[in-house]
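In my numbering, the protein residues as written are 4 to 336.
Glycine included, C-beta positions come from ideal geometry on N, C-alpha and C.
For reference, the structure is listed below as structure tokens.
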Ligand SMILES: Cc1ncc(COP(=O)(O)O)c(C=O)c1O
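Shown next as structure tokens:
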């Protein structure tokens, strides 16, 4: 019997699923982070940030948390705030995906949309949101946990996701994840690397600015960091052995393929990773030794029902690509 005493106890210890592919010299494992209670690996971020703030004495019952995020971190903070007696305000802008905003509201979280005046305060919209979260927290006696620069965020991944993956597959060759704030892959990768010979590969959306100076707009909403914004302190590029880029169309068509043909409903960063894994393996020559890779399946596809899983939206934005579906069907068995 597996009985937990509180909601925090439900976070982590997620299952690993092995996938079949045409290449017998590779084992592909999916770390299914959508098994976390709010549906993503950002539940680990929320737990780490809230527990550290409680321990330091800064966070007390009834206080209000303010966080800049349009997505999974806000959803996870809204869930834990509801369970632990805090109020929660997510600072968002017009680019935030509707499905994620609805979930924040459902947990009782409030949304503060950046107004046009606040937009004009200067800097990139992400910077404006981050500054606003700090300002609102200060003015109201609340607290901004700051997932971007707070070292407790990567540390939380080091102590939990890193340990779990190492325990599940100690002789891992590759750990592949995406980067937004960079906290999850930096922390997880650091632990795995310190304990094994694993190589860490960081993937970002085409147009994102961690590894390229040529940023441009993109639809992917989980990972990525827009060009022109001040980069978060939590990304530790020394952990990564290699990096690459994946397009909106590659990510979204991969999500659709896995939902429609494999019963796996996951989000945009997972679509990026499964497309990348196919591309990466195809570019390696057949080897005698079996190699193992883990992909971090960060969130559930439930948050993407009104765009990547909406045919009309995909067609309107010219994102459908049949060739991607054909390539995937010839690779994943
Ligand atoms: C689904 C998903 N994947 C990946 C990321 C990137 O994670 P990190 O900010 O830890 O780099 C995010 C960030 O919100 C996300 O929501």
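Looking at ligand 1, does it come within less than 7 Å of residue 163, judged from the CB to the closest heavy atom? In this structure, residue 163 has its CB at a distance of at least 7 Å from all heavy atoms of ligand 1.
Rounded separation between residue 50 and residue 25 - CA only: If you draw a straight line from the Cα of residue 50 to the Cα of residue 25, it comes to about 39 Å.
Residue 241: CB within 7 Å of a non-hydrogen atom of ligand 3: No copy of ligand 3 occurs in the structure displayed; its ligands are ligand 1 alone.
Beta strand (DSSP E) runs contained entirely in the region 46-104, provided each spans 3 or more residues: If we require 3 residues or more, the beta strand (DSSP E) runs fully inside the region 46-104 come out as 67-71, 90-95.
Given this structure, state the Cα-to-Cα distance separating residue 231 from residue 8, to the nearest angstrom. So the alpha carbons of these two residues sit roughly 45 Å apart.
Just to check my reading of the structure: residue 245 and residue 204 have Cβ atoms closer than 8 Å, yes? What is that Cβ distance to the nearest angstrom? Indeed, because the Cβ distance is near 5 Å, the residues count as touching under 8 Å.
Taking its Cβ as the centre, do 16 or more other Cβ atoms sit within 10 Å of residue 336, making it buried, or is it exposed? Residue 336 comes out exposed.
Identify every residue that forms a DSSP beta bridge with residue 29. Residue 29 pairs with 294.
Buried or exposed: where does residue 258 fall if 16 or more other Cβ atoms within 10 Å of its Cβ makes it buried? Residue environment analysis places residue 258 among the buried positions, since at least 16 neighbouring C-beta atoms fall within 10 angstroms of its C-beta.
Check residue 157 in the structure and name its three-state DSSP category. Assignment of residue 157 by DSSP, reduced to helix, strand and coil, places it in the helix class.
Looking at ligand 1, does it come within less than 7 Å of residue 67, judged from the CB to the closest heavy atom? No, since every heavy atom of ligand 1 falls outside the 7 Å radius drawn around the Cβ of residue 67.
Along the chain, where does the beta strand (DSSP E) containing residue 140 start, and where does it finish? For residue 140, no beta strand (DSSP E) segment is defined; the enclosing uninterrupted segment is the alpha helix (DSSP H) at 128-143.
Among residues of its own chain, excluding the 5 on either side of residue 308, which ones have a beta-carbon nearer than 7 Å to its beta-carbon? Taken in chain order, the residues that qualify are 102.
From the DSSP output, which residues share a beta bridge with residue 205? Beta-bridge partners assigned by DSSP to residue 205: 180, 246.
Whose CA, out of 156, 98, 80, lies closest to the CA of residue 352? This structure does not reach residue 352, given that the chain is present from 4 up to 336, and the question cannot be answered.
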